[in-house]
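Trainee: Under our numbering, the first residue of the sequence shown carries the number 2, and numbering increases by one thereafter.
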Amino acid sequence: MKPVHAISRFHITMVAVGALLVAAFSVAAEAQKTETTITTVFAAASMKTALDAAAAAYQKSTGNKIVASYAASSALAKQLEQGAPADIFICADLDWMNYVDKEKLIKEETRVNMFGNRLVLIAPRSSTTSIKIEKGFGLAAALGDGRLAMANVKSVPAGKYGSAALKKLGVWDAVENKIAQAENVRAALAFVAQGETPFGVVYKTDADAEPKVKIVGVFPEDTHPPIVYPVAVTTGSKNPAAAEAFINYLKTPEGQAAFTQQGFTILKSAGR
Numbered sequence: 002m003k004p005v006h007a008i009s010r011f012h013i014t015m016v017a018v019g020a021l022l023v024a025a026f027s028v029a030a031e032a033q034k035t036e037t038t039i040t041t042v043f044a045a046a047s048m049k050t051a052l053d054a055a056a057a058a059y060q061k062s063t064g065n066k067i068v069a070s071y072a073a074s075s076a077l078a079k080q081l082e083q084g085a086p087a088d089i090f091i092c093a094d095l096d097w098m099n100y101v102d103k104e105k106l107i108k109e110e111t112r113v114n115m116f117g118n119r120l121v122l123i124a125p126r127s128s129t130t131s132i133k134i135e136k137g138f139g140l141a142a143a144l145g146d147g148r149l150a151m152a153n154v155k156s157v158p159a160g161k162y163g164s165a166a167l168k169k170l171g172v173w174d175a176v177e178n179k180i181a182q183a184e185n186v187r188a189a190l191a192f193v194a195q196g197e198t199p200f201g202v203v204y205k206t207d208a209d210a211e212p213k214v215k216i217v218g219v220f221p222e223d224t225h226p227p228i229v230y231p232v233a234v235t236t237g238s239k240n241p242a243a244a245e246a247f248i249n250y251l252k253t254p255e256g257q258a259a260f261t262q263q264g265f266t267i268l269k270s271a272g273r
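1. If you draw a straight line from the alpha carbon of V172 to that of T111, how long is it in whole angstroms?
2. First and last residue of the alpha helix (DSSP H) that includes P158?
3. Could you tell me which uninterrupted alpha helix (DSSP H) segments, each at least 4 residues in length, are contained entirely in the region 35 to 70, listed from first to last along the chain?
4. Is Y59 close to chain D? Criterion is C-beta to C-beta, closer than 7 Å.
5. Tell me whether the beta-carbon of S157 lies closer than 7 Å to the beta-carbon of S75.
6. Buried or exposed: which applies to Q83, given that a residue is buried once 16 or more other Cβ atoms fall within 10 Å of its Cβ?
7. Please report the straight-line C-alpha distance between T50 and A142, rounded to a whole angstrom.
8. Using a Cβ-Cβ cut-off of 8 Å (strictly less than) and excluding sequence neighbours within five positions of K205, which residues of its own chain qualify?
9. Buried or exposed: where does E245 fall if 16 or more other Cβ atoms within 10 Å of its Cβ makes it buried?
10. Does DSSP put P4 in a helix, in a strand, or in coil?
11. For K269, count neighbouring Cβ atoms within 10 angstroms of its own Cβ and tell me buried if that reaches 16, exposed if not.
12. Reducing DSSP to helix, strand and coil, say where F260 ends up.
13. Quick check: the Cα distance between I107 and M98, rounded to an integer number of angstroms?
14. So, with DSSP's three-state summary, where would you put N114?
15. Taking just the CA atoms, how far does A58 sit from A32?
16. Between R187 and S62, how many whole angstroms is the CB-CB distance? I'm expecting something under 8 Å.
17. Roughly how many whole angstroms lie between the Cα atoms of A87 and P227?
18. Secondary structure at F220, three-state DSSP: helix, strand or coil?
19. Note down, in chain order, each residue of its chain lying with its Cβ closer than 7 Å to the Cβ of F247, except the 5 sequence neighbours on either side.
20. Since I believe G201 is in contact with I123 (beta carbons under 8 Å), could you give me their beta-carbon distance rounded to a whole number of angstroms?
So this is what it looks like as structure tokens:
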């Protein structure tokens, strides 16, 4: 027969082990209930300031995390085509959304035109240059030996909108050889903010997000195609329900607040 004190120690040990197992299962169950859903968004570079704010508000409200990857719409579309994992695609023009749609990389039924923007001419904050955007305006003369910062004019939406506007205004031929092309609109913004170029063509929301630049002119909306940001769930999404939930959030006043504060317009199609 075991001594009484040995039996007591055995019982105490077993009770302790049992308590630890119960605690472990409880923690695991609770962790499973509160497991964070992570949604990956491929978004146009111009959306960074507003989308980061909206994502933070969404996570605070729901506990679900949004991880955004920013680049030129063209680059992101090509990454999707090459199999890069993303749940949501937001680009800055209809062309690239049409491209991924044609390649069956998005769920067409989830596609919606969400936001709008304006195209502006910017200069460093310290610049004293005054320039009025109109037909045949003297942009080339204002540039002098300097260059005009723009996103790639052949593939990046901001660059395509900008070149269209300059052509419509009749000044493209005079400035075409003075373009400093950047990989995306935020890179073009940086050229001007750092004083590397005297002027740049970017979206109004980009200019508003950078204190080192100022807007010296706004391009008339009839000089370029409408600036539209479509959004859709990708066909490769691992969690399409969570992706649709975030898109639905962006249709609410709460989800749109960060975008309106940054200067984006909300398109009628984005309403609930």
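Don't be surprised by glycine CBs; every beta carbon is placed ideally from N, CA and C.
Mentor: So, from the data block:
1. Taking the sequence shown and counting its residues from 1, one reaches residue 172 at position 171. Taking the sequence shown and counting its residues from 1, one reaches residue 111 at position 110. Spanning the two alpha carbons is a distance of roughly 40 Å.
2. The sequence position of residue 158 within the sequence shown is 157, counting from 1. For P158, the enclosing alpha helix (DSSP H) covers residues 158 to 169.
3. Counting only runs of 4 or more, we get 49 to 63.
4. Of the chains in the structure shown, none is chain D; there is only one protein chain.
5. Walking along the sequence shown from the start, residue 157 turns up at place 156. Walking along the sequence shown from the start, residue 75 turns up at place 74. In the sequence on display, residue 157 carries Val and not Ser. Yes, they are a contact pair.
6. Here residue 83 is taken as the residue at index 82 of the sequence shown, counted from 1. Exposed, because fewer than 16 other Cβ atoms sit within 10 Å of the Cβ of Q83.
7. On the sequence shown, residue 50 is found 49 positions in, with the first residue counted as 1. On the sequence shown, residue 142 is found 141 positions in, with the first residue counted as 1. Distance between the alpha carbons of T50 and A142 is about 33 Å.
8. On the sequence shown, position 204 is the one that residue 205 refers to. These residues qualify, in order along the chain: N118, R119, L120, V121, I216, V219, G264.
9. For the purposes of this step, residue 245 is identified with residue 244 of the sequence shown, where counting begins at 1. That one is buried.
10. For this step, residue 4 is matched to residue 3 along the sequence shown. Low local confidence applies: a pLDDT of 45 at P4 is under 50, so the model's placement there is unreliable, with the coordinate-based value given in what follows. Coil, per DSSP.
11. One-based indexing of the sequence shown puts residue 269 at position 268. Exposed, by the Cβ-count rule.
12. Here residue 260 refers to the residue found at position 259 when the sequence shown is read from its first residue. If DSSP states are grouped into helix, strand and coil, F260 belongs with the helices.
13. In the sequence shown, residue 107 corresponds to position 106, counting from 1. In the sequence shown, residue 98 corresponds to position 97, counting from 1. C-alpha separation (whole angstroms): 8 Å.
14. For the purposes of this step, residue 114 is taken as the residue at position 113 of the sequence shown. Reduced to three states, the DSSP call for N114 is strand.
15. Translated into positions along the sequence shown, residue 32 becomes position 31. Translated into positions along the sequence shown, residue 58 becomes position 57. Residue placement at A32 is poorly supported in this model, since its pLDDT is 34, which falls under 50; the coordinates are not used for a value here.
16. As a working note, residue 187 is residue 186 in the sequence shown. As a working note, residue 62 is residue 61 in the sequence shown. The distance from the Cβ of R187 to that of S62 is about 27 Å, inconsistent with a contact at the 8 Å cut-off.
17. Counting from 1 along the sequence shown, the entry for residue 87 is found at position 86. Counting from 1 along the sequence shown, the entry for residue 227 is found at position 226. Rounded to the nearest angstrom, the two C-alpha atoms are 26 Å apart.
18. Within the sequence shown, residue 220 is the residue found at index 219, counting from 1. Looking at F220 - three-state DSSP - the assignment turns out to be coil, as it is neither helix nor strand.
19. On the sequence shown, position 246 is the one that residue 247 refers to. Result list for F247: T40, Y59, I67, I89, in chain order.
20. Within the sequence shown, numbered from 1, the residue matching residue 123 stands at position 122. Within the sequence shown, numbered from 1, the residue matching residue 201 stands at position 200. Sure, about 5 Å apart at Cβ, within 8 Å.
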